[in-house]
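Shown next, in structure tokens, is the structure this report addresses.
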Amino acid sequence: MAIEPQGTVAPGFEHVRDVFAANFAREDEYRELGAAFAVLHRGEVLIDLWGGHRDAEHNVPWTRETLVNVWSTTKGIAAIAVALLVERGQLRYDAPVRDYWPEFGCNGKEAITVSQVLSHQAGLPGFDAPITLEEFFDWDLAAARLAAQTPMWAPGTKNSYHAMTYGFLAGELVRRASGQRIGEFVRTALAEPLHADLFIGLPEAEEHRLALTVPNPRELELPTTDIPPEAMVSITNPAMEPTLPHRRDWRAAEIPAGNGHCSAIGIARLYGMLGNGGELDGNRYLSAATIAALDTVQTDRVDIQIGIAPYWRNGLSGNPNGMYGPGAGAIGHSGWGGSFGCADAAQRLGMGYVCNQMGHEALGDPRAVALANAVYHCLDQ
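To convert a position in the sequence shown, counted from 1, into this note's numbering, add 992.
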């Protein structure tokens, strides 16, 4: 069904609006239900579009303020929260995790650094014993389990995407360094100062803005052969189901690897700050030195779960397959279903995209790629 996009585009960027509208008229499983896309350039809003519906029945219109679960796009928010603590001198990327979290320094984890945790090299991609969803929602229990666990490989010798444990590891570092739980730290240090809708743990008072994710009609069963067990455990213990965001207990919990609830403009403002040299609206958040450290490649190995080399930085990925457009220096994070946030310092650019009709392409959702490509096309004109 064709829609008329709401919002604004700067002169010369009308092509982006056309591509956004075309995603609602696709003849495949990627046809949009509801979505939003926003771009900041040199610290100014260049594109701010939304359209469609928050519900599968097409009864509730999507608005600029609509929030949706962005799955692993949340990891990028957590990575930038850690970078802010590096900027403040409260964390160091090269320091052992045990310096901040003493209980972590046992069972072969004594030398694991903050960078190794953030770049999926720590050997803790999943829990080594069964964990229920209710236990998963218990922060102290989940963090304590990881602190006691033995790595599944010698840390630093390979990388496998820490699909859900990344959030507890990064989040506990934030808590130990700042004294705040990560949801509160993101709210006070990033979301409120940036005037950005970024929630890790959705307050009940924000539920009225919610769009519920719709599983992709072609979502395939996870293959169980030819996948190393350390890769499999990262998403099967507990099982990650596309309808988990329909549960209030999921939305209320703090899961910094997967349950961020955001708007597109909120994500774009975060990455717009990063792409603009760490500054937005006259306020500086990150120095050039901290951004350079955040953007330093930690491993060029193929990730054994993802199947390509994402060129993991300190919590963000590179752009090896053009999923953030043609910008070779673009960095960011994508989420299951299609959402993404990214920054390109060379272009002083930040982008954010969210949707409720989930896609099944893990890296490079065609809707997202088309939008990112359209932005660069217009910039080049």
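Using N, Cα and C, we set each Cβ at its ideal position, and we do this for glycine too. None of the values given here were measured: they were computed from a predicted structure.
Pairwise C-beta distances place the stretch 1001-1008 out of contact with the stretch 1332-1347, as fewer than three of them are shorter than 8 Å. Contact between the stretch 1049-1068 and the stretch 1248-1266 is present: three or more C-beta pairs spanning the two stretches fall below 8 Å. For residue 1276, the three-state secondary structure derived from DSSP is strand. Residue pairing by DSSP leaves residue 1339 without any beta bridge partner.
Collapsing the DSSP output to three states places residue 1368 in a helix. With 16 or more other CB atoms across the displayed protein chains lying within 10 angstroms of its CB, residue 1079 is buried. Remark: fewer than three beta-carbon pairs, one from each stretch, lie closer than 8 Å, so the stretch 1095-1108 and the stretch 1193-1212 are not flagged as touching. Rounded to the nearest whole angstrom, the C-alpha separation of residue 1036 and residue 1012 is 20 Å. Here the stretch 1037-1056 does not lie against the stretch 1224-1231, with fewer than 3 beta-carbon pairs under 8 Å apart. Restricting attention to 1185, 1292, 1174 and 1156, the CA atom closest to the CA of residue 1225 is found in 1156. Using a Cβ distance threshold of 9 Å, residue 1002 and residue 1025 do not count as a contacting pair. Take the alpha-carbon of residue 1092 and the one of residue 1169: they are about 7 Å apart.
In the three-state DSSP reduction, residue 1129 falls in the coil class, being neither helix nor strand. Boundaries of the beta strand (DSSP E) around residue 1000: 998-1001.
Nearest in C-alpha terms to residue 1289, of all of 1111, 1068 and 1101, is 1111.
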